[in-house]
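In case it helps, my numbering puts the sequence shown at residues 2 to 420.
Okay, so here's the structure we're looking at.
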Amino acid sequence: MILVTGGCGFIGARFVLHWLAGEPVPLYGGGFAVRDWLHVDDHVAALVAVLEHAAPGQSYHVAGHQTMTRLASIERPVEAFRVETRDRPGHDRRQAMDDSKVRSRTGAPRASLRVLLLGGHGRLGSAIAARFGPQSRALADGRIELLAPARRELALDPKAPAEAATRWYARWRPDVVVNCIALSDVDRCAREPVSAAQLNAALPAALARAAARSGARLIHFSTDYVFDGALRRPYREDDAPGPLSVYGATKLDGERAIADAGCRHWIFRISWLYGAAQSNLSAMLLEPASAGRTIRLASDRLGAPNPVQLLAQEVTDCVARDVLPGAAPPLAPSGLYHLSCHGATSWYDFGVAFVREAIRTGRLAAARAPKLEGFAEATLARPAQRPAYSALDPSRYESSFGRVMPHWEAAIATALGRQ
Ligand SMILES: NC(=O)c1ccc[n+]([C@@H]2O[C@H](COP(=O)([O-])OP(=O)(O)OC[C@H]3O[C@@H](n4cnc5c(N)ncnc54)[C@H](OP(=O)(O)O)[C@@H]3O)[C@@H](O)[C@H]2O)c1
């Protein structure tokens, strides 16, 4: 006889063993997944009852009638282990001090959240560092401490990512790690697949395992190039990936390794960036040397251009919420999110819209505007293939983080204001 019952949530021995050993307790989905929690004894009793009384061919749901989040399910047993001891005489129930007198001399208290930014000199990384840097006091009442070691200080041997991750976590003891290190040159990844796998997959995997051990949150970035471009509507997180390039495939491997490690994490898939200090199309369109020149831009690929400053603002605001008690909405669960402006366009149509907006806002004299010309990128012989369509749908990000992302065209005005 085969007996099949369906239970939902169990608080198992693994949780208790982790907890008693003083190790981080795995909290899948950031602890916010709601389950019906069932005591093992109740499940066993149900199995016995089914064995004794049920008719063959039937199926049974066994429920605990205790619906709560994983987080609450852990707080309950912790509560149960608590030993009440009468407080020593003279000890108050609440101790807190008004420190305004000393604070007027020392400033805000020490940062309570240590953020380790890896790759803080790349396009996205430097925008995140700029936003955290002088503005970090305003970001979370001064409670964020940003550590952004230079590449030399990181001394990363790409062949030994686990050793690097262990060393970094031990040295900087971060609460949050923001990983912007990547081999992001799509054609270079095709030429150097081993380096691509080391930096885009093995390194995030090692960072995630170290985060799971230490309890830190890992924030990581992936790409729209995990998709093959066959869809003609913005891609959602549950659309099947199908990378066309080594870059896309290694970034997808990195995503999966992070999810498997069981650490607290947010993976943000982002798409086309502009507005960075390096390889910046928007700066090129504005610069005096481009006046009257013809600039050729691809017109046969569609995606969503994003000002790097806008994405940096979103990321830093997400981190800041970690230290703002009672922030609404509550912290989004660990997982994969598409962080992008809405809509889709080609680089050529983006260039036309950008120049038009720059002239309208007085950032560019019409007489000095470059001439734009579209061309079919597919005719170029390049080592790596790009998806013909790769816009990302940010709806899950918006609803989970309580944000509203602009349309790519509306974001140009914001970008121009900040460049
Ligand atoms: N750019 C885009 O349009 C785009 C689109 C979609 C997704 N993404 C994703 O977004 C993230 C950030 O991209 P990005 O454009 O900002 O990348 P990026 O400009 O190429 O920056 C990469 C960073 O990684 C660092 N790095 C590379 N190899 C290293 C090594 N061996 N040791 C230490 N540091 C190393 C670089 O250091 P140095 O500065 O010293 O070279 C740089 O700071 C990546 O995960 C990327 O896949 C980017």
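We treat Cβ as the ideally placed atom computed from N, Cα and C, and that holds for glycine.
Being a predicted model, the structure only gives us computed values, none of them experimental.
The alpha helix (DSSP H) enclosing residue i, as first and last residue numbers
i: residue 228; result: From DSSP, residue 228 is part of no alpha helix (DSSP H); its letter is neither H nor E.
i: residue 255; result: 247-262
i: residue 167; result: 162-173
i: residue 316; result: 309-322
i: residue 365; result: Unbroken run through residue 365: none, as it is neither H nor E.
i: residue 206; result: 204-215
i: residue 350; result: 348-361
i: residue 303; result: Premise fails: residue 303 is in no alpha helix (DSSP H) and is neither H nor E.
i: residue 283; result: 282-287
i: residue 24; result: No alpha helix (DSSP H) contains residue 24, which DSSP labels as neither H nor E.
Residue of the options minimising C-alpha distance to residue i
i: residue 385; options: 226, 207, 241 and 360; result: 226
i: residue 304; options: 410, 24, 204 and 132; result: 410
i: residue 418; options: 355, 392 and 390; result: 355
i: residue 224; options: 364, 338 and 209; result: 338
i: residue 131; options: 404, 378 and 309; result: 309
i: residue 230; options: 157, 359 and 244; result: 244
i: residue 283; options: 359, 295 and 62; result: 359
i: residue 219; options: 186, 235, 251 and 174; result: 174
i: residue 188; options: 375, 342 and 247; result: 247
i: residue 155; options: 251, 146, 145 and 167; result: 167
i: residue 265; options: 163, 380, 323 and 249; result: 323
i: residue 390; options: 416, 301, 380 and 315; result: 301
i: residue 346; options: 102, 375 and 222; result: 375
i: residue 291; options: 313, 222, 256 and 366; result: 366
Local Cβ density within 10 Å of residue i, reported as buried at 16 or more and exposed below that
i: residue 289; result: exposed
i: residue 111; result: Caution is warranted here: a pLDDT of 49 is assigned to residue 111, below 50, making its placement in the model unreliable, and the coordinate value is therefore given only provisionally. Residue 111 is exposed by the Cβ-count criterion.
i: residue 54; result: exposed
i: residue 81; result: Here residue 81 scores only 48 on pLDDT, less than 50, and its place in the model is too uncertain to base an answer on.
i: residue 334; result: buried
i: residue 19; result: exposed
i: residue 295; result: exposed
i: residue 57; result: exposed
i: residue 60; result: exposed
i: residue 276; result: buried
i: residue 147; result: buried
N- and C-terminal bounds of the beta strand (DSSP E) containing residue i
i: residue 299; result: 295-299
i: residue 267; result: 265-271
i: residue 374; result: 372-376
i: residue 193; result: No beta strand (DSSP E) contains residue 193, which DSSP labels as neither H nor E.
i: residue 129; result: It is not in any beta strand (DSSP E) - residue 129 instead sits in the alpha helix (DSSP H) that spans 124-133.
i: residue 390; result: Counting along the chain, residue 390 falls outside any beta strand (DSSP E), and DSSP gives it neither H nor E.
Expected contact under 8 Å - CB spacing of residue i and residue j to nearest Å
i: residue 298; j: residue 348; result: 4 Å
i: residue 237; j: residue 350; result: With 8 Å as the limit, residue 237 and residue 350 do not qualify as a contact, their Cβ atoms being about 23 Å apart.
i: residue 253; j: residue 242; result: 5 Å
i: residue 373; j: residue 344; result: Between residue 344 and residue 373 the Cβ distance is about 19 Å, and since that is not below 8 Å, they are no contact.
i: residue 182; j: residue 119; result: 5 Å
i: residue 281; j: residue 412; result: That belief does not hold up - the Cβ atoms of residue 281 and residue 412 are roughly 15 Å apart, past 8 Å.
i: residue 194; j: residue 258; result: Not quite, the Cβ-Cβ distance comes to about 17 Å (not below 8 Å), so this is no contact.
Cross-strand partners of residue i (DSSP beta bridge)
i: residue 180; result: 119 and 221
i: residue 343; result: 408
i: residue 145; result: 114
i: residue 337; result: 268
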